[in-house]
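Beneath this line is the structure, given in structure tokens, with notes to follow.
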Amino acid sequence: MGPDSGLPSGDGATTAALRAGLAPKRERPAVLKPWDGVRVLARRKPMGFVGFLILMIVGLAAAFAPIVAPYGYAETDLTNRLQPPGGAHLFGTDNLGRDLLSRVIWGARISLGISLGAMIIAKTLATAIAMFSAYYGGWFDKITQRFVDIWIALPTLIILITLLGVLGANPVSLIIVIGLANAPQSSRLVRSVVLSVREEPYIEAARALGMRDSRIMLLHVLPNIAHIIIYSASVTLGSVILIVASLGFLGYGVPPPHPDLGAMLSGDGLTYMRRMPWMALWPGIVITLVVFAFNVFGDALRDLLDPRMRGS
Amino acid sequence: MAKYALQRLILAIPTVIGLTLVIFFLVRVAVPVDAVDIASAASESVDVEREERLREEYGLSGSLPEQYIGWAGRMLTGDFGTSFFTGRSVIDEMKRRIPVSLELGTGALIITLVVAIPVGLMSAARQDSLPDYIARGGAIMFYAIPGFWIATLVLVFGSILLNWAPTIDYQNLWDDPVANLKQVWIPMVILGLSPIGTLTRLVRTQVLEVIRQDYVRTARAKGLDTRRVYFRHILRNSLLPIITVIGLQLPRLVAGTVIFEQIFVLPGVGRYLLDSVQRLDLYVIMATNLFFGMLLVLANIAVDLSYASIDPRIRLSRS
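Quick mapping for you: the protein sequence lines, in order, are chains A and Z. Using my numbering, read the first sequence as starting at 1 and increasing by one per residue. Using my numbering, read the second sequence as starting at 1 and increasing by one per residue.
Printed below as a string of structure tokens:
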């Protein structure tokens with residue numbers, strides 16, 4: 001299977017659009033099967049593939065934490081406190097005798113879960129704003145963009161600390177406020193792509209055929225900006241994980257005893273890390289690997305899905 | 001240029017007003033109004049009249065829009081309110097703390113530029129050589145490693161290996177520059193790591209783009225020495241996107257100052273913010289938020305102005 005098959009291209013999409021308007025039933029274009037995608041990634045973007053592997057390992061461990069983690073995240077074993085890695089505790093234990101491997105796995109589950117939720121809110125909002133703003137244009141676009149300007153100018157982490165500090169942090173409030181705070185940046189990117197898609201002949205054709213705006217946006221604009229949304233989702237996940245970890249580190253993450261990768265690096269753990277530095281190593285290594293993986297994977301996706309944007 | 005600068009400043013006014021609106025309503029709605037009563041009446045019995053008087057005194061009576069206008073109006077006269085807890089004027093405290101944060105942020109920015117631009121240039125000039133690979137790998141790592149983790153490691157291993165810990169007693173830059181720099185150089189460097197990662201990669205890709213242009217070949221062909229080609233022709237033409245990305249790094253630097261002031265016990269605006277959030281100290285929360293917001297607004301104006309001064313096309317097309 002060639003690298004370009006199944007990807008949106010101007011001409012193919014035009015005929016597809018015409019067909020969609022004329023023929024009662026729309027033929028589905030050939031799509032890349034997931035496995036082909038992985039093969040292309042491994043062959044053409046080795047770094048992206050490494051990122052993909054890291055994400056699969058961490059993601060699966062996080063998703064199946066109840067099965068994978070050898071101990072519970074709050075399970076204390078006071079006779080085995082501050083154990084170095086090895087033996088019954090692969091990553092060692094902390095000052096309360098809790099298994100560090102289990103805490104890191106559960107911590108990754110919580111961090112990834114919150115980040116995923118926040119990313120979905122951010123992308124949905126960003127896409128909605130960008131599509132309406134760019135598709136309708138005119139004064140509506142101008143006013144919306146002024147609001148986005150202000151939104152972008154807000155000091156994100158500062159406002160997050162303020163809100164979470166005052167309202168109290170829990171997974172739901174974290175997802176909502178982090179999602180809202182990260183929406184405007186990517187709406188700019190999506191908007192610029194919608195602006196160019198809007199001028200494509202297949203949109204004009206669909207309009208000439210009398211298609212309603214809502215249908216055009218859903219059936220023709222959205223599929224043609226999907227690749228931008230997908231790769232920016234990967235990059236956003238990388239930065240959102242850092243934000244979640246920073247908030248946890250400052251004490252505004254999920255409340256204890258739930259493990260938070262950021263919170264594991266601060267607080268009362270700090271006094272024990274002098275005796276057991278491994279406590280300070282594992283959470284940081286996991287955060288770094290995941291952020292790294294999302295970034296190289298996102299870059300690889302961008303290069304593969306949209307050759308025009310390569311290297312930008 | 002002056003006309004363009006003025007235009008840019010006028011355009012920032014709605015942003016600043018929007019900023020004050022967002023901060024006021026977010027914070028004011030989130031913080032319960034009895035914070036002031038709790039703060040000032042810690043031991044005394046509940047006294048409705050006294051509560052009323054306190055709220056009046058702190059500008060918390062009347063409807064929310066009235067309170068907003070009162071708050072914004074007082075700020076225009078330089079009055080940023082009073083702390084519920086210390087009873088002291090917020091602006092006086094801010095004046096003491098702003099230099100600490102600015103020093104940390106500016107220092108990190110300078111370190112970023114001094115490292116990222118030469119390394120990025122070198123990396124592009126020797127594309128696909130060993131130094132290039134090292135620089136690229138390092139840049140990706142620097143970007144992905146959370147700064148607060150490095151800070152934790154420095155604290156942990158500093159105390160294990162060197163028996164070192166950050167000093168609690170902060171020295172001002174102008175009182176004792178040596179002692180001050182000894183305290184702040186570590187947080188400055190760590191704060192700079194992540195922007196160094198982002199910027200090095202960008203400088204490299206930009207320079208690689210420009211290096212293949214015809215005017216660069218011409219400059220080389222006419223016998224200009226390499227250094228001149230790099231600084232006069234290549235770097236200058238890659239600067240616009242580089243400045244954009246520096247602008248995009250600023251919110252991260254600002255957020256970083258909050259985290260690193262906390263870790264390295266520096267008495268800056270970030271610590272003030274964290275303390276005030278813990279205590280629901282309304283006017284301090286709003287003033288610190290506004291400070292960081294204004295910092296970003298001003299930084300964005302600076303970015304736009306430096307575009308215009310580098311690229312004459314921008315200032316000519318708009319005015």
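Glycine included, every Cβ here is placed at the ideal spot set by N, Cα and C. Keep in mind it's a predicted model, so treat the numbers as computed, not measured.
Nonlocal neighbours in the same chain, by C-beta distance under 7 Å from residue i, ignoring five residues either side
| i | result |
| --- | --- |
| valine 235/A | Phe294, Asn295 and Gly298 |
| glycine 107/Z | Val184 and Met188 |
| valine 207/Z | Gly120, Leu121, Ala124, Ile234 and Ser238 |
| proline 85/A | Phe91, Gly92 and Trp278 |
| tyrosine 252/A | Ile161, Leu164, Gly165 and Ala169 |
| alanine 181/A | Thr156, Ile159 and Leu160 |
| valine 22/Z | none |
| aspartate 77/A | Thr93 and Gly97 |
| valine 284/Z | Ser83, Val90, Tyr272 and Ser276 |
| methionine 286/Z | Ile23, Phe24 and Val27 |
| isoleucine 105/A | Ala61, Ala62, Ala65, Val68 and Ala69 |
| isoleucine 211/Z | Ala124 and Ile234 |
Top-ranked residue by Cα proximity to residue i, from the options
| i | options | result |
| --- | --- | --- |
| isoleucine 110/Z | Val229/Z, Gly73/Z and Leu253/Z | Leu253/Z |
| valine 290/A | Tyr202/A, Thr79/A, Val193/A and Leu112/A | Leu112/A |
| glycine 107/A | Pro259/A, Gly269/A, His227/A and Ile129/A | Pro259/A |
| valine 148/A | Ala169/A, Ala61/A and Val190/A | Val190/A |
| histidine 220/A | Arg212/A, Ile230/A and Ile203/A | Ile203/A |
| threonine 112/Z | Glu66/Z, Glu49/Z, Val100/Z and Ile196/Z | Ile196/Z |
| aspartate 99/A | Ile176/A, Leu164/A, Glu75/A and Ala245/A | Glu75/A |
| valine 177/A | Leu195/A, Val194/A, Trp151/A and Val193/A | Trp151/A |
| leucine 101/A | Lys45/A, Ala65/A, Ala128/A and Thr124/A | Ala65/A |
| serine 101/Z | Gly70/Z, Asp225/Z and Asn172/Z | Asn172/Z |
| alanine 63/A | Asp36/A, Ile54/A, Gly87/A and Ile110/A | Ile110/A |
| valine 240/A | Leu174/A, Ala280/A and Tyr73/A | Leu174/A |
| threonine 198/Z | Ile140/Z, Ile10/Z, Leu54/Z and Tyr307/Z | Ile140/Z |
| isoleucine 129/A | Ile105/A, Thr79/A, Ser115/A and Gln185/A | Gln185/A |
| tyrosine 73/A | Ala300/A, Leu305/A and Pro256/A | Pro256/A |
| glutamate 261/Z | Gly73/Z, Pro14/Z, Ser63/Z and Ile98/Z | Ile98/Z |
| valine 31/Z | Arg279/Z, Phe264/Z, Leu295/Z and Leu274/Z | Arg279/Z |
Beta-bridge partners of residue i, as assigned by DSSP
| i | result |
| --- | --- |
| histidine 89/A | Gly86/A |
| serine 89/Z | Thr82/Z |
| aspartate 99/A | Thr93/A |
Residue i, buried or exposed, once every other Cβ within 10 Å from all chains shown has been counted against 16
| i | result |
| --- | --- |
| glycine 238/A | buried |
| phenylalanine 52/A | buried |
| arginine 228/Z | exposed |
| isoleucine 159/A | buried |
| glycine 315/A | In this structure chain A extends from 1 to 312, so residue 315/A is not present and cannot be described. |
| serine 83/Z | buried |
| serine 276/Z | buried |
| asparagine 289/Z | buried |
| glutamine 325/A | Coverage of chain A is limited to positions 1 through 312, which leaves residue 325/A absent and any answer about it impossible. |
| tyrosine 215/Z | exposed |
| threonine 127/A | buried |
| glutamate 103/Z | buried |
| asparagine 163/Z | exposed |
| methionine 131/A | buried |
| glutamate 49/Z | exposed |
| lysine 3/Z | exposed |
| serine 43/Z | The predicted position of serine 43/Z is uncertain, since its pLDDT is 48 and thus under 50; a value taken from the coordinates is nonetheless stated next. Serine 43/Z comes out exposed. |
| phenylalanine 292/Z | buried |
| phenylalanine 231/Z | exposed |
| phenylalanine 80/Z | buried |
| histidine 103/A | The question names histidine, yet the displayed sequence has arginine at residue 103/A. It is buried - the Cβ of arginine 103/A has at least 16 other Cβ atoms within 10 Å. |
Beta-carbon contacts of residue i that lie in its chain and below 6 Å, excluding the five residues immediately before and after
| i | result |
| --- | --- |
| phenylalanine 249/A | Gly262, Leu265 and Ser266 |
| aspartate 304/Z | Arg8 |
| glycine 168/A | none |
| isoleucine 216/A | Ala206 |
| leucine 155/Z | none |
| alanine 23/A | Its pLDDT being 49, under 50, alanine 23/A is placed unreliably in this model, and the value from its coordinates should be taken loosely. Contacts found: none. |
Cβ shell of residue i (< 8 Å), same chain only, five flanking positions each side left out
| i | result |
| --- | --- |
| proline 131/Z | Met122 and Ser123 |
| alanine 165/Z | Leu155, Gly158 and Ser159 |
Residue i CB to nearest heavy atom of the ligand SAH below 7 Å
| i | result |
| --- | --- |
| phenylalanine 91/A | Questions concerning the ligand SAH fall outside what the structure shown contains, since it holds no ligand whatsoever. |
Listed by chain order, chain C residues near residue i by CB distance under 9 Å
| i | result |
| --- | --- |
| isoleucine 140/Z | Going by chain labels, chain C is absent from the structure shown, which instead holds the protein chains A and Z. |
>> My parser needs the alpha helix (DSSP H) runs of 4 or more residues fully inside the region 242-298 of chain A; what are they?
In response: 269-273
>> What ranges does the alpha helix (DSSP H) occupy inside the region 148-185 of chain A, keeping only unbroken runs of at least 4 residues that lie completely in it?
In response: 156-167
> Of all the alpha helix (DSSP H) runs that stay within the bounds of the region 102-177 of chain Z, which reach a length of 4 or more residues?
Replying inline: With a minimum length of 4 residues, the continuous alpha helix (DSSP H) runs that stay inside the region 102-177 of chain Z are 130-144 and 147-161.
> Whole alpha helix (DSSP H) runs in the region 45-85 of chain A with 4 or more residues, listed along the chain?
Replying inline: You should have 46-63 and 65-68.
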